[in-house]
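Down below is the structure, laid out as structure tokens.
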Amino acid sequence: MSEKKKILIFIDWFLPGFKAGGPIRSVSNIVNSLSEFYTFYIITSDRDLGDKKPFKNVELNIEIEKQNYFIIYLTPDKQKFRFYKTLIKKLKPDKIYFNSLFSVKFTILPMLASKKVSFTGSIILTPRGMLGKGALGLKKSKKLIFIQFSKFISLYSGITWHATTFDEKKDIIKSFKSYSNIIVAGNIPEKPKKFHQKEKGSEIRFVFISRISRKKNIIFAIELFKNIYKEAKIIFDIYGPVEDSEYKHTCNEAINNLPKNISVQFKGEVSHKEVTETLKKYHFFLFPTLHENYGHAIFEAFSSSCPVITSDQTPWLNLEEKNIGWDISLKDKEKFQAVIQKCIDMPQEEYNKMSENAFNFAKIFAENSEAIEQTKKLFEL
Numbered sequence: 174m175s176e177k178k179k180i181l182i183f184i185d186w187f188l189p190g191f192k193a194g195g196p197i198r199s200v201s202n203i204v205n206s207l208s209e210f211y212t213f214y215i216i217t218s219d220r221d222l223g224d225k226k227p228f229k230n231v232e233l234n235i236e237i238e239k240q241n242y243f244i245i246y247l248t249p250d251k252q253k254f255r256f257y258k259t260l261i262k263k264l265k266p267d268k269i270y271f272n273s274l275f276s277v278k279f280t281i282l283p284m285l286a287s288k289k290v291s292f293t294g295s296i297i298l299t300p301r302g303m304l305g306k307g308a309l310g311l312k313k314s315k316k317l318i319f320i321q322f323s324k325f326i327s328l329y330s331g332i333t334w335h336a337t338t339f340d341e342k343k344d345i346i347k348s349f350k351s352y353s354n355i356i357v358a359g360n361i362p363e364k365p366k367k368f369h370q371k372e373k374g375s376e377i378r379f380v381f382i383s384r385i386s387r388k389k390n391i392i393f394a395i396e397l398f399k400n401i402y403k404e405a406k407i408i409f410d411i412y413g414p415v416e417d418s419e420y421k422h423t424c425n426e427a428i429n430n431l432p433k434n435i436s437v438q439f440k441g442e443v444s445h446k447e448v449t450e451t452l453k454k455y456h457f458f459l460f461p462t463l464h465e466n467y468g469h470a471i472f473e474a475f476s477s478s479c480p481v482i483t484s485d486q487t488p489w490l491n492l493e494e495k496n497i498g499w500d501i502s503l504k505d506k507e508k509f510q511a512v513i514q515k516c517i518d519m520p521q522e523e524y525n526k527m528s529e530n531a532f533n534f535a536k537i538f539a540e541n542s543e544a545i546e547q548t549k550k551l552f553e554l
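When the letters of the sequence shown are read in order and numbered with the working numbering, they come out as residues 174 to 554.
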């Protein structure tokens, strides 16, 4: 039997971290699904997103063998061009996979280091939705300047682009005028476990789980509850790490202007292993995001028997036709509000059907996913 190819993955944050959300789960699912075919080495930081201290009880700057992969947690002093040159020469990977477009420490520096040591294997980069219209709209000037500069110095010349959707492929072409070296391979989903029946009762529970940032459009979600009729008792709980404290403050001001029958609270962080159990406590997942390349939280909501109310800026579309939720234009705030009112008024029997449909949709999607074979083809180029 031939020796497995060695794939070196650079990612800013990884397990046991969880605050960076989807990218961690995307890479984790790749590794768990394909470790029998490839030997994965993960290079990441020594702490979670936004943390000032490193992980506890984790050895740093040395190679650690896990069940399905090897990993090195780097302290800030090791996240340098010189160290990356030494690391790449030592590990001698067949392929290098970068999990971010704009990361200085875990894409740009190691990519430059790979060129300096004349790395001859394949280099793969996935933008993770960073080229989508909604994502580019945040700090737009800086991002566009960087894209132009990267093209000027040919930073990404000769690489293979990993697009997780055909829309992302279009985004790559639009930004980098690259046509022939883009491979579409969807995110590998986790298989849902069990349908969870939920009683609606007199209290309707909405939930949001993701990072607290402008891109996730939380203030839009909060303001949707302004014109809901007074008889309903409504809970809207918001979970996730605070990425933008100023934005959270603005959200709190909006919360203070809501009617007293509507309770909106920030509930703090929730680790990935706790997400499913958390979602089971709620009736609807409210997520009017500006843009998602995939939207792991959306799929997790379906897996937890939770219908979804989201924007039309994600790959999860035509939800109303499937009777598993709604995807609505962010320009149509009235439609969002009408849907929330519909959710509140929905009879138990109708909700049961929608909830069961959401779970079955996730189950069938995971069982029929071609993402594993698509990702294998990406690594075989």
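C-beta: ideal position from N, C-alpha, C; glycine also. Being a predicted model, the structure only gives us computed values, none of them experimental.
Through-space distance from residue j to residue i, alpha-carbon basis
i, j, result
"PHE552", "LYS268", "8 Å"
"PHE509", "ASN496", "16 Å"
"ASN272", "ASP250", "21 Å"
"LEU222", "TRP186", "7 Å"
"TYR246", "PHE256", "13 Å"
"LYS226", "THR248", "10 Å"
"LYS453", "TYR402", "26 Å"
"LYS399", "TYR420", "19 Å"
"SER418", "PRO196", "22 Å"
"ILE356", "LEU554", "10 Å"
"ILE244", "GLU523", "47 Å"
"ASN360", "ILE537", "15 Å"
"LYS229", "PRO520", "48 Å"
"ILE345", "SER323", "13 Å"
"SER348", "ILE318", "11 Å"
"LYS506", "ILE471", "20 Å"
"ALA358", "LYS342", "10 Å"
Residue i vs residue j beta-carbon contact at 8 Å
i, j, result
"HIS469", "PHE191", "no"
"ARG384", "GLU416", "yes"
"ILE332", "ILE297", "yes"
"ALA405", "ASN430", "no"
"HIS456", "LYS371", "yes"
"ALA193", "PRO362", "no"
"TYR412", "VAL443", "yes"
"ILE184", "THR212", "no"
"SER141", "ILE407", "Outside the modelled stretch of the chain, which goes from 174 to 554, sits residue 141, for which no answer is possible."
"GLY302", "GLU494", "no"
6 Å Cβ shell around residue i - same chain, five flanking residues per side excluded
i, result
"PRO488", "THR338"
"GLN438", "ASP410"
"SER542", "PRO362"
Own chain partners of residue i with C-beta closer than 8 Å, once the 5 adjacent residues on each side are dropped
i, result
"ALA427", "ILE392, ILE395 and GLU396"
"LYS168", "This structure cannot speak to residue 168, because the chain is shown only from 174 to 554."
"ILE261", "LEU181, ILE269, PRO283, ALA286, SER287, VAL290 and PHE292"
"SER304", "Correcting the residue type first, residue 304 is Leu in the shown sequence and not Ser. For LEU304, where only same-chain residues beyond five positions count, the Cβ hits under 8 Å are LEU274, GLU341, ASP344, ILE345, LYS347 and SER348."
Rounded distance between the beta-carbons of residue j and residue i, thought under 8 Å
i, j, result
"GLU473", "VAL512", "Not really, about 20 Å apart at Cβ, beyond 8 Å."
Cut-off 7 Å between Cβ atoms - residues of its own chain near residue i, not counting five sequence neighbours on either side
i, result
"LYS440", "ASP410, ILE411 and TYR412"
> Touching or not, the stretch 454-465 and the stretch 499-519, by the rule of three or more beta carbon pairs under 8 Å?
Replying inline: yes
> Hey, is the stretch 235-243 in contact with the stretch 281-297, meaning 3+ C-beta pairs nearer than 8 Å?
Replying inline: no
> Hey, is the stretch 208-215 in contact with the stretch 175-183, meaning 3+ C-beta pairs nearer than 8 Å?
Replying inline: yes
> Is the stretch 322-329 touching the stretch 472-492, taking contact as three or more C-beta pairs under 8 Å?
Replying inline: no
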